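Colleague: Handing you this structure, nothing more for now.
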Amino acid sequence: MKLAVPRETSPGETRVAATPESVKKFKGLGLDVVIEAGAGTAAHFADADYAAAGATIAPDAKAALADADIVLKVRGPKGTEVQLLKKNAVVAALLAPYGDRDVLQALASHGASAFAMEFIPRISRAQAMDVLSSQANLAGYKAVIDAAATFGRAMPMMMTAAGTIAPARVLVMGVGVAGLQAIATAKRLGAIVSATDVRPATKEQVESLGGTFVAVMDDEFKNAQTSGGYAKEMSQEYQAKQAALIAETIKKQDIIITTALIPGRKVPILVSEEMIKTMKPGSVIVDLAAEAGGNTPMTKANEVTTAHGVTIMGYTNLPGRLAVDSSALYARNLFNFVSLIVDKKTGQLAIDWNDEIVKGALVAKDGELVHPALKG
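The opening residue of the sequence shown carries number 24 in the numbering used here; numbering runs sequentially from there.
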């Protein structure tokens, strides 16, 4: 059975869906692996290394995809790529299911069984396949590194004969996987770190990493989380008090990392233009939600801009700025997923369509879009 990894065609995408390490593992499953020439170049994986791991190097996408039973990508196949797929091929990639509906429909119409890796259920059995976490972890780290490189001052406190340099102040807005890594990275660099989130349970996580949690700590906040771990909607009175606290906190910050993404919904504005105006000249905002519209009204996707003396970084693919590590983690996520749908004895597809992980990630099958989130 053939597994193919073509080159990425999306502009600026530096990651690759397989590494020489994962090729060896796929070979161990009994799969024939074909890599399109140059697929790993941007992530510094040479064709010769893939070949040494047991892969066949195809000259172009057509040759790579011909008769491929399984196709792995970072971004979903687009345009003519879809037409090159074998009927009933299994495709696994980051398919941006809420945004790239045309791609999903094209895959469905072509007869592909398409799996959106973003939809992998967040259950313990699927942790090793959790692409969102593996990539967000690196994004949170890189956000702080990029901010530190742009910020015109040192991050840690420095005591010199000429005087003391005060440490930078970093505020992380949103304490998910990316936010937690941003907190940890900023602390390692010596910054004074604070963080805010709408979920009370995150307070302990922030403090365990040495950060200060910023929230109006009244009775309403303490009960602002459901038994399932989701945030409850807060009263208008509480929202006003929290907004005032955040506005005062932002005035004192040197670097702000915003991380609020809500799948399928417009991302919230966390830092208004009025708040940006109160920040110190030379401050930096890294907006991890830039691709989805941004957590500030001044964010421009794929651009680094300046507004009211504040640098706003709107990179849309921070994991791609660490292509070697992000590819390695993504490739392992994909290998673990493929291991679930391939019979280890025969090396053939053996998909349990009732498996919780399979059902959770499946978006297209038998010519139709099948995921509940995409219907209607």
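We treat Cβ as the ideally placed atom computed from N, Cα and C, and that holds for glycine.
Note that the coordinates shown come from a computational prediction; the quantities given were computed from them, not determined experimentally.
With distances taken between CB atoms, is the gap from V28 to V114 smaller than 9 angstroms?
Modeller: Residue mapping note: residue 28 aligns to position 5 of the sequence shown, counting from 1. Residue mapping note: residue 114 aligns to position 91 of the sequence shown, counting from 1. Against a cut-off of 9 angstroms, the Cβ pair of V114 and V28 comes out as no contact.
Colleague: May I ask which residues mark the beginning and end of the alpha helix (DSSP H) holding M196?
Modeller: Taking the sequence shown and counting its residues from 1, the one referred to as residue 196 is at position 173. No alpha helix (DSSP H) holds M196; the beta strand (DSSP E) holding it covers 192-196.
Colleague: If we call anything under 9 angstroms between Cβ atoms a contact, is A387 one with A40?
Modeller: Sequence index remark: in the sequence shown, residue 387 carries index 364 (1-based). Sequence index remark: in the sequence shown, residue 40 carries index 17 (1-based). No. Outside cutoff.
Colleague: Give me the DSSP bridge partner(s) of R98.
Modeller: Taking the first residue of the sequence shown as position 1, residue 98 is located at position 75. L117, per the DSSP bridge assignment.
Colleague: Please name the residue in I285, V200, G134, Q128 whose C-alpha comes closest to that of L161.
Modeller: Position 138 of the sequence shown, counted from the first residue, corresponds to residue 161. The option with the nearest alpha carbon to L161 is V200.
Colleague: Helix or strand or just coil, what does DSSP make of M182?
Modeller: By one-based count along the sequence shown, residue 182 stands at place 159. Residue state, collapsed to three classes: strand.
Colleague: Please return the same chain residues whose Cβ sits closer than 6 angstroms to the Cβ of I188, not counting the five positions on each side in sequence.
Modeller: Within the sequence shown, the letter at position 165 stands for residue 188. A177, M181.
Colleague: Examine the Cβ distances between the region 320-339 and the region 111-126 and report whether three or more of them are shorter than 8 angstroms.
Modeller: In short, these stretches do not touch, since the Cβ pair count stays below three.
Colleague: Any beta carbon from chain C within less than 9 angstroms of G51's own beta carbon?
Modeller: Given the protein chain composition of this structure (a single chain), no chain C is represented.
Colleague: If we count the other Cβ atoms within 10 Å of its Cβ and call it buried at 16 or more, is S132 buried or exposed?
Modeller: Against the sequence shown, residue 132 aligns to sequence position 109. Exposed.
Colleague: To the nearest angstrom, how far is the alpha carbon of D414 from that of A373?
Modeller: This structure does not reach residue 414, given that the chain is present from 24 up to 399, and the question cannot be answered.
Colleague: How big is the Cα-Cα spacing for K303 and A191?
Modeller: Translated into the one-based positions of the sequence shown, residue 303 becomes position 280. Translated into the one-based positions of the sequence shown, residue 191 becomes position 168. Distance between the alpha carbons of K303 and A191 is about 12 angstroms.
Colleague: On the three-state DSSP scale, how would you describe D55?
Modeller: Walking along the sequence shown from the start, residue 55 turns up at place 32. DSSP places D55 in strand when its eight states are reduced to three.
Colleague: Taking the straight line between their C-alpha atoms, what separation do you get for T281 and M257?
Modeller: Taking the sequence shown and counting its residues from 1, the one referred to as residue 281 is at position 258. Taking the sequence shown and counting its residues from 1, the one referred to as residue 257 is at position 234. Going from the Cα of T281 to the Cα of M257 covers about 20 angstroms.
Colleague: Terminal residues of the continuous beta strand (DSSP E) containing M336?
Modeller: As a working mapping, residue 336 is identified with position 313 in the sequence shown. Residues 333-336.
Colleague: Going by DSSP, which residues form a beta bridge with A373?
Modeller: Reading the sequence shown from its first residue, position 350 is the one you call residue 373. Paired residue(s): none; A373 is not in a bridge.
Colleague: Which whole runs of the alpha helix (DSSP H) in the region 214-279 are 4 residues long or more, in chain order?
Modeller: Counting whole runs of 4 or more residues, the region 214-279 contains the alpha helix (DSSP H) stretches 225-231, 242-245, 259-274.
Colleague: Please work out which residues of its chain come closer than 6 angstroms, Cβ to Cβ, to P179, disregarding the five sequence neighbours upstream and downstream, and give them in chain order.
Modeller: Taking the first residue of the sequence shown as 1, we reach residue 179 at position 156. The answer, listed in chain order, is P190, G213.
Colleague: Tell me the residue span of the alpha helix (DSSP H) that contains S362.
Modeller: The count along the sequence shown starts at 1 and reaches residue 362 at position 339. It spans 346-364 - the alpha helix (DSSP H) in which S362 sits, taken as one unbroken run.
Colleague: Work out the CA separation of V126 and T339 for me, nearest whole Å.
Modeller: Position 316 of the sequence shown holds residue 339. Position 103 of the sequence shown holds residue 126. Near 19 angstroms, if we compare the C-alpha coordinates of V126 and T339.
Colleague: From the DSSP output, in three-state form, read off I380 for me.
Modeller: Taking the first residue of the sequence shown as 1, we reach residue 380 at position 357. DSSP places I380 in helix when its eight states are reduced to three.
Colleague: Who are K388's beta bridge partners in DSSP?
Modeller: Position 365 of the sequence shown holds residue 388. For K388, which the question treats as bridged, DSSP gives the partners E391.
Colleague: Figure out for me which residue from Q371, A396, I279, N356 has the closest Cα to the Cα of A312.
Modeller: As a first step, residue 312 must be located in the sequence shown, where it is residue number 289. Nearest C-alpha to A312: I279.
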